[in-house]
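K.L.:
Going down the list, the sequences are from chains A and B. Position 100, counted from 1, in the first sequence is what this note's numbering calls 100; the numbers after and before it change by one each time, with no gaps. Position 84, counted from 1, in the second sequence is what this note's numbering calls 84; the numbers after and before it change by one each time, with no gaps.
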Amino acid sequence: AQSVAQPEDQVNVAEGNPLTVKCTYSVSGNPYLFWYVQYPNRGLQFLLKYITGDNLVKGSYGFEAEFNKSQTSFHLKKPSALVSDSALYFCAVRPPRYGGSQGNLIFGKGTKLSVKP
Amino acid sequence: NAGVTQTPKFRVLKTGQSMTLLCAQDMNHEYMYWYRQDPGMGLRLIHYSVGEGTTAKGEVPDGYNVSRLKKQNFLLGLESAAPSQTSVYFCASSLTPNTGELFFGEGSRLTVL
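(1) Apart from the five residues just before and just after B/Arg-44, which ones in its own chain have a Cβ nearer than 7 Å to its Cβ?
(2) Considering only the alpha carbon of each residue, which of A/Lys-69, A/Gly-16, A/Val-83 and A/Asn-12 lies closest to A/Cys-23?
(3) Taking 8 Å as the CB-CB cut-off, is A/Lys-109 touching chain B?
(4) Given that A/Gly-62 touches chain B, what residues does it touch there, using C-beta distances under 8 Å?
(5) Hey, A/Phe-74 and A/Leu-113: beta-carbon distance below 8 Å or not?
(6) By how many angstroms is the C-alpha of B/Ala-92 removed from the C-alpha of A/Lys-26?
(7) Between the C-alpha atoms of B/Val-66 and B/Thr-55, what's the straight-line distance to the nearest angstrom?
(8) At the 8 Å Cβ level, is A/Leu-105 part of the contact set with chain B, yes or no?
(9) Just checking, does the stretch 2 to 11 of chain A make contact with the stretch 69 to 81 of chain B on the three C-beta pairs under 8 Å criterion?
(10) So with CB distances below 9 Å, who are the chain A contacts of B/Leu-102?
If you want it as structure tokens, here you go:
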């Protein structure tokens, strides 16, 4: 079955330190990969996506993500965390449209990022 | 700049009651989606639509119905609410089905007693 895993329920980081939020996926073919962020009592907001090309993609608010095909991972990173980065982060995968898949997004369960001053 | 608007934002129902959640988008997007968000479960797709007059089942469609009579609106209905349908519901839209990102509404919190 196609799936997305975010192995950490919560990530705690001190402000100014680098952060990584992990994501791995199990999807056949070449999927499209996304990261979304959700602030309290708000809808999800798009951060960045990988479609093809350079394995390192840059997105909003200084975030970037690295696609690793051999490890089927798409980890979210930021060189220097801010307290305002504290939120819930979702990795999502859009599988190719074949083999019975409609190509709809599959979301991970989310990782809560907490950045302390 | 409204984007995706959901109404109502909060609702409390008794078991067996019916209700409709309305989603409206002003971006002329073809694709619209209804998700539910539950703690520790992420987002799960209920139904979606690839254009006006079309709907399709997602991952968890049972107990829900949808309609897309107008391109800008996507309605989610609960005919006979159950406590298991207590959740936060999100509507989203996208311009393209594959590479385009989703634009989400702010959510509708539904409690079924």
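C-beta atoms are modelled at their ideal positions from N, C-alpha and C, and glycine is treated no differently.
P.N.:
Well, looking at it:
(1) Tyr-35, Arg-36, Glu-59 and Val-60
(2) A/Lys-69
(3) yes
(4) Ordered by position in chain B, no residue passes the 8 Å Cβ test against A/Gly-62, which lies about 18 Å from the chain.
(5) no
(6) The amino acid occupying residue 26 of chain A in the given sequence is Ser; Lys does not appear at that position. Between A/Ser-26 and B/Ala-92, the C-alpha separation is close to 24 Å.
(7) 7 Å
(8) yes
(9) no
(10) Phe-34, Tyr-36, Leu-44, Phe-46, Ala-92 and Leu-105
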